[in-house]
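Novice: A single structure is presented below for examination.
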Amino acid sequence: MRTLIELLYLLSGILFIMGLRGMSHPETARQGMFYAEFGMLIAIIGTLMQHEIVQYDWIVAGLAIGSILGLAMGLWVPMTAMPQRTALSHAFGAAAAALVGVSEFHRLGGHLEPFKMGALSFEVLLGSLTTTGSLIAFGKLQGILPGQPLTFKGQNIFNMTLLAVTVGCFVSLFIFPHAMAAFYLMLALALAFGVLLVIPIGSADMPVVMSLLNSYAGLASAATGFALGNNVLIIAGTLDGFSGFILSILMCKAMNRSMTNVLFGAFGSVTADASTASAGGEMREIGLEDAATQLAYARQVVFVPGYGMATAQAQHVIRELADTLEERGVTVKYAIHPVAGRMPGHMNVLLAEANVPYSELYELEQINPDFPSTDVAVIVGANDVVNPDARDNPGSPIAGMPILEVDHAKLAIVLKRGKGRGFSGLENPLFFKEKTAMLYGDAKETLTNLVQAVLKL
Ligand code: NAP
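Residues 6 to 462 in our numbering are what the sequence shown spells out, letter by letter.
Spelled out as structure tokens, the structure:
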């Protein structure tokens with residue numbers, strides 16, 4: 006039976022790796038998800054076959070409750086709320102790891118060799134801070150807590166001192182594995198540290214924080230694997246831990262920010278001065294018919310989707326407009342910024358759902374040289390990712406973030422509902438430029454009307 010369980014764990018580990026591989030490209034992402042889900046099912050079956058299980062009642066009850074909640078969340082949580090849903094899942098996963106650590110401490114406490122005690126303490130420490138950190142991230146993203154960074158004087162020093170005491174408790178448990186007071190002090194401080202780590206970070210940086218917390222939750226699971234001698238937890242936890250960490254680094258790179266700046270920079274507490282530094286003047290509006298004419302008679306049109314496309318669920322109608330234009334001989338491209346929307350790959354997933362051909366999707370470095378020869382760039386609910394201040398204004402809080410240079414196109418038509426700012430809370434000078442025209446309204450509705458207007462030409 007032991008060998009069979011280990012074989013099942015090995016198989017699920019292979020499926021997890023195949024899943025990650027699949028998810029690295031939009032074309033194979035669905036298949037990757039299927040591999041990962043299948044791997045998880047096999048890991049659960051293997052775990053249920055463990056001979057240490059003497060009673061299945063509580064397990065079945067937990068399985069039923071978890072499955073019902075998971076199914077409900079999968080079916081009813083909208084795509085736009087996916088970041089906060091993910092934050093909640095991280096909190097649950099990390100809480101599970103921390104609780105396993107606490108129960109193992111009570112079951113075996115004091116009789117553990119230093120390495121296992123270290124793994125167990127590490128699991129409780131990371132699990133606890135990830136639980137509260139993820140709950141705060143959930144609260145900020147859901148709008149239950151204020152999205153702005155909450156800061157106070159001497160915050161970083163206070164946090165570092167708290168972390169040092171927590172690590173002190175962790176180290177002391179190697180020497181005194183019976184020390185219940187040190188164990189619970191470490192747990193309480195880690196819970197507090199999770200809160201303190203996330204409150205000074207603004208909502209705009211929450212996706213990076215979440216992917217970092219995801220990485221912590223993964224490492225906590227790997228530590229659980231070492232403490233319990235469970236191979237599948239070690240494999241899955243390590244994969245989760247490192248892929249989350251790599252993703253955090255990639256997101257920071259795409260925003261031209263350092264991890265230290267994201268974690269300790271209190272980004273989002275933007276002053277009015279900084280936000281309006283180089284913006285000013287009048288915004289020019291364009292009528293629907295005029296916009297349709299510009300598009301219909303263009304040689305090349307580039308669509309730039311952003312968070313507003315996701316909220317409006319306008320991906321299908323963008324494709325409809327693109328098809329209509331292509332039938333008229335217009336070349337259509339889509340420019341994808343790595344942090345457009347609210348999570349990595351957000352735009353790719355939505356456009357793939359609308360069956361936009363992958364060959365028409367262009368990354369930032371590929372499309373930027375194309376803008377000067379583009380007749381119309383259509384910005385659909387994007388804001389920060391096309392903010393020229395990031396390039397031109399060294400004083401801007403987003404200075405240095407790579408942008409899609411739509412201001413180099415012959416005309417930029419911006420589709421948005423009103424004068425709402427992007428997630429960073431900054432004013433966008435693009436909207437005041439001479440070659441920019443604003444087309445106000447909900448993205449889906451406006452695009453639908455544009456399709457009709459182009460068809461009439
Ligand atoms: P954005 O800067 O948040 O701007 C979205 C714009 O869409 C808003 O200005 C809003 O203006 C408009 N909008 C909202 N609903 C709309 C609707 N129904 N129809 C039409 N327009 C609508 O979005 P973004 O340009 O995609 O930038 C993403 C931001 O998230 C960046 O700051 C990025 O750094 C941050 N971020 C993303 C990730 C990631 O992984 N993707 C990670 C970390 C941070 P109105 O209210 O006027 O309509």
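Each residue gets a CB set at the ideal place from its N, CA and C atoms; glycine is no exception. All values derive from a computational prediction rather than experimental measurement.
Just tell me which of Val65, Ser220, Gly71 has its CA closest to the CA of Glu128.
Specialist: As a working mapping, residue 128 is identified with position 123 in the sequence shown. Comparing Cα positions, the closest option is Ser220.
Novice: If we require 4 or more residues per run, which alpha helix (DSSP H) segments fall completely within the stretch 152–203?
Specialist: For the stretch 152–203, whole alpha helix (DSSP H) runs of length 4 or above, ordered along the chain, are 160–180, 185–203.
Novice: Where in the stretch 366–396 do unbroken runs of the alpha helix (DSSP H), each at least 4 residues long, occur, reported from the N-terminal end onward?
Specialist: Within the stretch 366–396, the complete alpha helix (DSSP H) runs of at least 4 residues are 369–372.
Novice: From the DSSP output, in three-state form, read off Val309 for me.
Specialist: Here the question's residue 309 lines up with position 304 in the sequence shown. If DSSP states are grouped into helix, strand and coil, Val309 belongs with the strands.
Novice: Does DSSP put Glu439 in a helix, a strand or coil?
Specialist: Residue numbering aside, residue 439 sits at position 434 when the sequence shown is read from its first letter. Residue state, collapsed to three classes: coil.
Novice: My understanding is that Met256 touches Ser216, with C-beta atoms under 8 Å, so please give their C-beta distance in whole angstroms.
Specialist: As a position in the sequence shown, residue 256 is number 251, starting the count at 1. As a position in the sequence shown, residue 216 is number 211, starting the count at 1. The pair is a contact, with the Cβ atoms about 7 Å apart (cut-off 8 Å).
Novice: Measure the beta-carbon distance from Ala96 to Leu131 and round it to whole angstroms, keeping in mind my assumption that it falls under 8 Å.
Specialist: Mapped onto the sequence shown, residue 96 falls at position 91. Mapped onto the sequence shown, residue 131 falls at position 126. Not a contact, Cβ separation roughly 13 Å.
Novice: Bridge partners for Thr336 per DSSP, in chain order?
Specialist: Mapped onto the sequence shown, residue 336 falls at position 331. Beta-bridge pairing links Thr336 to Gln305.
Novice: Quick one: using the 10 Å Cβ neighbour count with 16 as the cut-off for buried, is Glu368 buried or exposed?
Specialist: Reading the sequence shown from its first residue, position 363 is the one you call residue 368. By the 10 Å Cβ count, Glu368 comes out exposed.
Novice: The beta strand (DSSP E) that contains Ile418, what's its start and end?
Specialist: One-based indexing of the sequence shown puts residue 418 at position 413. Run containing Ile418: 416–421, per the beta strand (DSSP E) assignment.
Novice: Return the residue from the list Thr135, Thr91, Thr85 that minimises the CA-CA distance to Ala101.
Specialist: In the sequence shown, counting from the first residue as 1, residue 101 sits at position 96. The option with the nearest alpha carbon to Ala101 is Thr135.
Novice: Tell me which residues share the same chain as Ser17 and place their Cβ nearer than 6 Å to its Cβ, disregarding the 5 neighbours each side in the sequence.
Specialist: As a first step, residue 17 must be located in the sequence shown, where it is residue number 12. Closer than 6 Å at Cβ, skipping near neighbours: Gly44, Ile47, Ala48, Val237.
Novice: Which of helix, strand or coil does DSSP assign to Leu444?
Specialist: Residue numbering aside, residue 444 sits at position 439 when the sequence shown is read from its first letter. Three-state DSSP puts Leu444 in a strand.
Novice: Going by DSSP, name the residue or residues bridged to Ile49.
Specialist: Within the sequence shown, residue 49 is the residue found at index 44, counting from 1. Paired residues: none, contrary to the question.
Novice: Can you round the beta-carbon distance between Val391 and Leu409 to whole angstroms, since I take them to be within the 8 Å contact cut?
Specialist: Indexing the sequence shown from 1 puts residue 391 at position 386. Indexing the sequence shown from 1 puts residue 409 at position 404. About 5 Å separates the two Cβ atoms, so the contact holds.
Novice: Does the beta carbon of Met87 fall short of 6 Å from some heavy atom of the ligand NAP?
Specialist: Numbered from its first residue, the sequence shown carries residue 87 at position 82. No; taking the cut-off as 6 Å, the Cβ of Met87 has no heavy atom of the ligand NAP nearer than that.
Novice: Looking at the structure shown, is Thr276 part of a helix, part of a strand, or coil, going by DSSP?
Specialist: Working through the sequence shown from its first residue, we reach residue 276 at position 271. For Thr276, the predicted model reports a pLDDT of 43, less than 50, meaning its position is unreliable; a value from the coordinates is still stated below. In the structure shown, Thr276 sits in coil (DSSP, three-state: anything other than H, G, I, E or B).
Novice: What is the DSSP secondary structure of Ile341, counted as helix, strand or coil?
Specialist: Translated into positions along the sequence shown, residue 341 becomes position 336. Here Ile341 sits in strand by DSSP.
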